[in-house]
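Residue numbers (the working numbering): 31 to 153.
Worksheet: the structure to be examined is printed underneath.
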């Protein structure tokens, strides 16, 4: 009898993520699973929701609905009273953010530093 290999916990698991700005739905049910070592490219035209999705993963922008888990820990959300979501536990968000890294577009980088130096400077 062979044993099944243990299932690897996803480094990032986003399920059915939606984001609305008023009546405009930017993200329409985005799901993504990334495991340790994965390299994933998110490609799309200007205004297609790439940055919005990444901001929702890091809770810099609150998804309207859906779920996000980092290293197997689902980010706890509650309704905000306006049809959206908000973090149920700010400390959880701060703790999870401390384990995530994100580099924004060029204007957020120090031009006089190398890529490695810019990443090291991240909070």
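For every residue, glycine included, the Cβ atom is placed at its ideal position computed from N, Cα and C.
Owing to the predicted nature of the structure, the values given are computational and were not obtained by experimental measurement.
Residue range of the unbroken beta strand (DSSP E) whose run includes residue i
| i | result |
| --- | --- |
| residue 46 | 42-51 |
Which residues DSSP lists as bridging residue i, in chain order
| i | result |
| --- | --- |
| residue 57 | 49 |
| residue 99 | 43 and 104 |
| residue 63 | 43 |
| residue 115 | 109 |
Anticipated Cβ contact below 8 Å, residue i with residue j, distance rounded
| i | j | result |
| --- | --- | --- |
| residue 56 | residue 96 | About 12 Å; that fails the 8 Å criterion. |
| residue 28 | residue 123 | In the structure displayed, the chain extends from 31 to 153; residue 28 sits before or after that span and is not available. |
| residue 43 | residue 99 | 4 Å |
| residue 132 | residue 62 | With 8 Å as the limit, residue 132 and residue 62 do not qualify as a contact, their Cβ atoms being about 15 Å apart. |
Boundaries (first-last residue) of the alpha helix (DSSP H) holding residue i
| i | result |
| --- | --- |
| residue 141 | Residue 141 -> no alpha helix (DSSP H), and no H or E assigned at all. |
Candidates the options: closest to residue i by CA position
| i | options | result |
| --- | --- | --- |
| residue 116 | 124, 123 and 107 | 107 |
| residue 41 | 52, 64, 151 and 132 | 64 |
| residue 66 | 39, 132, 120 and 127 | 39 |
| residue 59 | 86, 77 and 68 | 86 |
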